[in-house]
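Please read the structure below before turning to the comments.
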Amino acid sequence: MKNTMLFLALFLGTAFIRLSAQVPEIPLPEHPRPDFERAQWINLNGTWNFNFDSLDMGVDQEWFEKPIFTEMITVPFPWGSKLSGVQDMADIGWYSRRLDIPDRWEGNRIFLVIGACDWLSTLWIDGDYVGTHAGGYTPFEFDLTDHVSPGQSHQLVLRVDDSPHSFKLEGKQGYGEAKGIWQTVYLESRGSISLSQLHFTPDIDKGLVRVHATLDQPASDALYINLSFPNKEIQGMVTSPRIEKKQQEIEFEVQVPDPQLWDLENPYLYQVKAALHDNESVFDELSSYFGMRKISIMDLPGSRIPYVALNNKPIYLQMSLDQAYHPDGFYTYPSDAFMRDEIIRSKKIGLNGNRIHIKVEVPRKLYWADKLGLLIMADVPNFWGEPGDTARSEWEYAMREMIQRDYNHPSIFSWVLFNETWGLFTGTGKDRAYLPETQDWVRDMYHEAKDLDPSRLIEDNSPCNYDHVVTDLNTWHAYL
Numbered sequence: 002m003k004n005t006m007l008f009l010a011l012f013l014g015t016a017f018i019r020l021s022a023q024v025p026e027i028p029l030p031e032h033p034r035p036d037f038e039r040a041q042w043i044n045l046n047g048t049w050n051f052n053f054d055s056l057d058m059g060v061d062q063e064w065f066e067k068p069i070f071t072e073m074i075t076v077p078f079p080w081g082s083k084l085s086g087v088q089d090m091a092d093i094g095w096y097s098r099r100l101d102i103p104d105r106w107e108g109n110r111i112f113l114v115i116g117a118c119d120w121l122s123t124l125w126i127d128g129d130y131v132g133t134h135a136g137g138y139t140p141f142e143f144d145l146t147d148h149v150s151p152g153q154s155h156q157l158v159l160r161v162d163d164s165p166h167s168f169k170l171e172g173k174q175g176y177g178e179a180k181g182i183w184q185t186v187y188l189e190s191r192g193s194i195s196l197s198q199l200h201f202t203p204d205i206d207k208g209l210v211r212v213h214a215t216l217d218q219p220a221s222d223a224l225y226i227n228l229s230f231p232n233k234e235i236q237g238m239v240t241s242p243r244i245e246k247k248q249q250e251i252e253f254e255v256q257v258p259d260p261q262l263w264d265l266e267n268p269y270l271y272q273v274k275a276a277l278h279d280n281e282s283v284f285d286e287l288s289s290y291f292g293m294r295k296i297s298i299m300d301l302p303g304s305r306i307p308y309v310a311l312n313n314k315p316i317y318l319q320m321s322l323d324q325a326y327h328p329d330g331f332y333t334y335p336s337d338a339f340m341r342d343e344i345i346r347s348k349k350i351g352l353n354g355n356r357i358h359i360k361v362e363v364p365r366k367l368y369w370a371d372k373l374g375l376l377i378m379a380d381v382p383n384f385w386g387e388p389g390d391t392a393r394s395e396w397e398y399a400m401r402e403m404i405q406r407d408y409n410h411p412s413i414f415s416w417v418l419f420n421e422t423w424g425l426f427t428g429t430g431k432d433r434a435y436l437p438e439t440q441d442w443v444r445d446m447y448h449e450a451k452d453l454d455p456s457r458l459i460e461d462n463s464p465c466n467y468d469h470v471v472t473d474l475n476t477w478h479a480y481l
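When the letters of the sequence shown are read in order and numbered with the numbering used here, they come out as residues 2 to 481.
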């Protein structure tokens, strides 16, 4: 075992704070991802038609052709939660609603984006099958371009199967199961080619930020990315090197003069606008942001005690374990103001960080941590069965998608891969063991996470016993 790094103080606590929630007609109307926001979008939250399918007969009876659903559900709250308006009566639910496509989107590609939906989601438009997605914690999308027409109205039907499986990622859904849609659903208009990823990696020591952009398909002609900074920290336009034909990724550096550092007292965010173009036409435009900050390990001055460091200064971490649940919405919070106030409340009681516990958190809560200055440890959710091939595949998908989605949040200083060795034991009773081959897999996942994001600290497993394999953070749990 690589025995690294750190003196970490975690104030472990759990609090459920019940506040009266006034949910508007369109709940959570804000754009769900201020770090990856296009101007042409339509929020689809609100009242949808709904039906349970306890006998799993909807597909055979072709409910997707003529959905006559007898209940109403408030999206994006998981069924069974108070805010959804629907009691939990089955593991399979069907949603439906009308889609009105704006005339102004003529000539563009049109996507349906679902922030998170647990677990197996299948979509039809006007009775035609569109696609299926498996996974409960990260965003996914369906290309509707060949199924809808601008200026027309269409019928959307979504079947969600959240039947129990030992390989599924559950986290602590014992507090309330996040069944079905639990994050914002929206339509989005894009050009014929678009950005699927735009990552910023700050380097405060060199006064620059590294940009890594990925296109949703290989370029058919030469393209460029223009970056502009609305607050004028960087004057003029920054243009990327040429993206050659058939190329799909580009990396380049942008000098940041006299950088304003993101820290807990001054959480400064650099706003960015990006445009993908070929010098004649603009294919995609979006807004994002990043913070100029550095996460590292250094000895406390005058000692040999390793500390987590923010911007080359050691920081004593005073954190809580955030179960990230709302009593009326389960995984989903009633409003953006509630998420903001959770971050404010954390700071008011003297915390400088939270560990979001075995849940991929709602992006707007991470946004408020970025904007208000609170550090975050971000956990990958766990499965409760044994570490077989299917469970590993489910977990790996969530880990990769989580890091991809949340890469630009300066508040996140650590990814925590596993918690208390849950899901990593094989066998029962005296034969129950954390096998060497499982430890090898965890070691591989540590290194993959480090490759995906070398700018943050990676913890392989936050354990009760001596179950670290290779880790940047040597934490353990003591229940007093």
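From the three backbone atoms N, C-alpha and C, an ideal C-beta is built for every residue, glycine too.
Please name the residue or residues paired with residue i in a DSSP beta bridge.
i: Met73; result: Asn50
i: Met238; result: DSSP, once it has assigned bridges, lists no residue as partnering Met238.
i: Phe201; result: Val212
i: Leu224; result: Ile244
i: Pro268; result: Trp263
i: Tyr96; result: Phe51 and Leu159
i: Tyr132; result: It is Gly, not Tyr, that sits at residue 132 in the sequence shown. According to DSSP, Gly132 bridges with Leu124.
i: Gly354; result: Met320 and Leu376
i: Glu254; result: Arg211
i: Ile413; result: Ile377
i: Tyr290; result: Gln272
i: Asp89; result: DSSP, once it has assigned bridges, lists no residue as partnering Asp89.
Would you report the Cα separation of residue i and residue j, rounded to the nearest angstrom?
i: Ile186; j: Pro77; result: For the record, residue 186 in the displayed sequence is Val; it is not Ile. Computed Cα separation, rounded: 7 Å.
i: Pro1; j: Leu418; result: Nothing about residue 1 can be reported from this structure: the residues present for the chain run from 2 to 481 only.
i: Tyr138; j: Ile359; result: 11 Å
i: Leu113; j: Gly303; result: 55 Å
i: Ala10; j: Leu318; result: In this prediction, Ala10 has a pLDDT of 41, which is less than 50 and means its spatial position is unreliable; what the coordinates show is noted afterwards. One C-alpha to the other measures close to 5 Å.
i: Pro203; j: Glu281; result: 31 Å
i: Asp468; j: Asp104; result: 57 Å
i: Gly424; j: Phe230; result: 45 Å
i: Ile459; j: Thr439; result: 18 Å
i: Asp473; j: Asp452; result: 14 Å
i: Asp92; j: Val149; result: 30 Å
i: Ser85; j: Tyr176; result: 16 Å
i: Val257; j: Tyr308; result: 27 Å
i: Leu287; j: Ala399; result: 24 Å
i: Ser97; j: Ser154; result: 13 Å
i: Ser195; j: Leu145; result: 15 Å
i: Val283; j: Ser197; result: 15 Å
i: Ala220; j: Met378; result: 36 Å
i: Thr333; j: Gly172; result: 14 Å
i: Trp442; j: Asp162; result: 29 Å
i: Ile18; j: Glu362; result: With a pLDDT of 39 at Ile18, under the threshold of 50, the modelled position of this residue cannot be trusted, and the question is left open.
i: Cys465; j: Pro455; result: 26 Å
i: Lys233; j: Arg294; result: 19 Å
i: Pro437; j: Asp390; result: 16 Å
i: Thr123; j: Gln62; result: 15 Å
i: Phe201; j: Ala450; result: 17 Å
Please look up how many angstroms separate the CB atoms of residue i and residue j, rounded, as I've assumed it's under 8 Å.
i: Asp323; j: Asn353; result: That pair is no contact at about 13 Å.
i: Leu367; j: Ile413; result: 7 Å
i: Thr215; j: Gln249; result: 6 Å
i: Tyr290; j: Pro35; result: 7 Å
i: Ala223; j: Ile244; result: 7 Å
i: Ile115; j: Pro140; result: 7 Å
i: Val87; j: Glu72; result: 6 Å
i: Leu209; j: Asp264; result: Wrong, their Cβ atoms sit about 18 Å apart, outside the cutoff.
i: Leu373; j: Lys348; result: 7 Å
i: Gly136; j: Phe143; result: So it is not a contact: roughly 14 Å between Cβ atoms.
Answer with buried or exposed for residue i, where buried requires no fewer than 16 other C-beta atoms within 10 angstroms of its C-beta.
i: Leu301; result: exposed
i: Cys118; result: buried
i: Pro411; result: buried
i: Gly292; result: buried
i: Glu66; result: exposed
i: Phe364; result: Before going further, note that residue 364 is Pro rather than Phe in the sequence given. Pro364 should be labelled buried.
i: Arg99; result: exposed
i: Thr429; result: exposed
i: Asp461; result: buried
i: Ala434; result: exposed
i: Ser21; result: Unreliable positioning characterises Ser21 in this predicted model, as indicated by a pLDDT of 41, which lies under 50. The coordinate reading is nonetheless provided below. Per the 10 Å Cβ criterion, exposed.
i: Asn420; result: buried
i: Pro242; result: exposed
i: Leu481; result: exposed
i: Ser463; result: buried
Would you say residue i touches the ligand COA, meaning its beta carbon is less than 8 Å from a heavy atom?
i: Asp279; result: Here there are no bound small molecules, and the ligand COA is not part of this structure.
For chain B, is any of its Cβ atoms less than 9 Å away from the one on residue i?
i: Val283; result: No chain B appears in the structure shown, which is made up of a single protein chain.
(request) Evaluate contact between the region 397-407 and the region 186-196, counting only Cβ atoms and requiring at least three cross-stretch pairs below 8 Å. (result) Between the region 397-407 and the region 186-196, the count of Cβ pairs shorter than 8 Å is below three; the stretches do not touch.
(request) Check whether the region 264-279 touches the region 174-185, counting contact only when three or more Cβ pairs, one atom from each stretch, lie closer than 8 Å. (result) no
(request) Count the CB pairs spanning the region 380-391 and the region 155-172 that are closer than 8 Å, and state whether there are at least three. (result) Inter-segment contact for the region 380-391 and the region 155-172 is present: three or more beta-carbon pairs are separated by less than 8 Å.
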